[in-house]
Amino acid sequence: MCPINHSDYISVILPAYNEENVIGKVVSGVIEILEHEGYKYEILVIDDGSVDNTADVATKAGADVLHRPYNMGNGAAVKHGIRNAKGKYLVMLDADGQHDPHDIPRMLNYFPEYDMVVGARSRESEGEIHRNLANTLYNLLASYVVGHQVEDLTSGFRAIKGSLAKRIAYLFPNGYSYPSTSTIIVFRMGYGVKYIPIIAKTRIGISKIKMLRDGFRFLLIIIRIGIFFAPSRIFIPTATLVFTPGFIYAIYRLIVGKAWTLPIVISITGGLLFFMLGLISEQISMLRRDRSE
17 MCPINHSDYI SVILPAYNEE NVIGKVVSGV IEILEHEGYK YEILVIDDGS
67 VDNTADVATK AGADVLHRPY NMGNGAAVKH GIRNAKGKYL VMLDADGQHD
117 PHDIPRMLNY FPEYDMVVGA RSRESEGEIH RNLANTLYNL LASYVVGHQV
167 EDLTSGFRAI KGSLAKRIAY LFPNGYSYPS TSTIIVFRMG YGVKYIPIIA
217 KTRIGISKIK MLRDGFRFLL IIIRIGIFFA PSRIFIPTAT LVFTPGFIYA
267 IYRLIVGKAW TLPIVISITG GLLFFMLGLI SEQISMLRRD RSE
């Protein structure tokens, strides 16, 4: 491991919406750690249309505040921060006090060997049981899509090379799914991802994530990005599920001397169509990646 040069500029991006009770403490904590370690840095608080004093508190604590005209979503705020960041390396963390700024130097120590470093929440982290179970399911599904072990798909505490972040930010959704999207994209594009264990605390205030609504969105994001970057891993299993029942039943009816029925034809034809779509989509995905490179 060859740590980055402390002269490299670091941009810390904090998307915030109505976080006046904690944003000052978070900003002060980040400044204290970065100055102690001797990094050159900027702290960008993206005020996502807050109706409280988030912006004023963040400014007094020493952050540069970027204002959004109204609440557009966590992902939209992160994209805004990425577009305006000057750093060679970008650090994203939540503004609600969940993440420990002392973990930032640990993340930065893995650059430039890795392209993205993610804080994976350990079992000691203070999380609700149903969310932990959902995250486990998302991690398993994402691991299948990318072909690598994903230890924490939805962690909002991560560091990434600035050039890579600016290149892929347009693909981030405006909601709370930018961590999921960035993880799948970086893995599938062949960049190096490192997970380090962190202990996340219970957020201060009320969570803005709705379990059912945003959980379903996370699932759709995984499927959408999977089709975009790894279509064969979505279409081929789907083709198998559609084709197999009809094929088995068709063999049975041939053995007993009966003709095929319409459901058999639909099953076999649908399975073959999904298979061909997978092959074509995979070729398109490869061509798109080649052009991007």
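The opening residue of the sequence shown carries number 17 in my numbering; numbering runs sequentially from there. We treat Cβ as the ideally placed atom computed from N, Cα and C, and that holds for glycine.
- Item | Bridge-paired residues (DSSP) for I176 | According to DSSP, I176 bridges with L106, M132.
- Message: Suppose only complete runs of 3+ residues qualify. What are the beta strand (DSSP E) ranges in the segment 195-223, listed by chain order?
- Response: Runs of beta strand (DSSP E) with 3 or more residues, each lying fully within the segment 195-223, are found at 209-214, listed in chain order.
- Query: On the three-pair Cβ rule with 8 Å, is the segment 22-40 touching the segment 59-73?
  - Reply: With the rule of 3 Cβ pairs closer than 8 Å, the segment 22-40 counts as touching the segment 59-73.
- Item | Cβ pair count under 8 Å reaching 3, the segment 123-136 against the segment 193-210 | Enough Cβ pairs lie closer than 8 Å, so yes.
- Item | Whole-number beta carbon distance between E58 and D72, since they are thought to touch under 8 Å | Not quite, the Cβ-Cβ distance comes to about 19 Å (not below 8 Å), so this is no contact.
- Neighbourhood of L293 by C-beta, 7 Å cutoff - its chain only, sequence neighbours within 5 removed: If we look at L293 and ignore the five residues flanking it on each side, its Cβ neighbours are F251.
- Going by DSSP, what residues sit across from I98 in a beta bridge? Bridge partners of I98: none, in fact.
- Considering K274, what are the terminal residues of the beta strand (DSSP E) in which it resides? That residue, K274, is in no beta strand (DSSP E); it is neither H nor E in DSSP.
- Item | 7 Å Cβ shell around P247 - same chain, five flanking residues per side excluded | Same-chain partners within the cutoff: G294, S297, E298, S301.
- Task: Below 8 Å on the Cβ atoms is my guess for F290 versus A266; work out the distance and round it to an integer in Å.
- Result: Taking a contact as a CB-CB distance under 8 Å, the pair F290 and A266 does not count as one, their CB atoms being some 17 Å apart.
- Task: Could you tell me whether the segment 151-167 touches the segment 74-90, using the rule of 3 or more Cβ pairs below 8 Å?
- Result: By the Cβ test, the segment 151-167 is not in contact with the segment 74-90, since fewer than three Cβ pairs between them sit closer than 8 Å.
- Could you give the DSSP three-state label for V28: helix, strand or coil? Here V28 sits in strand by DSSP.
- Extent of the continuous beta strand (DSSP E) run through R84: From DSSP, the beta strand (DSSP E) with R84 extends over 80-84.
- Where DSSP assigns a beta bridge to D63, which residues make up the other side? DSSP, once it has assigned bridges, lists A32, H83 as partnering D63.
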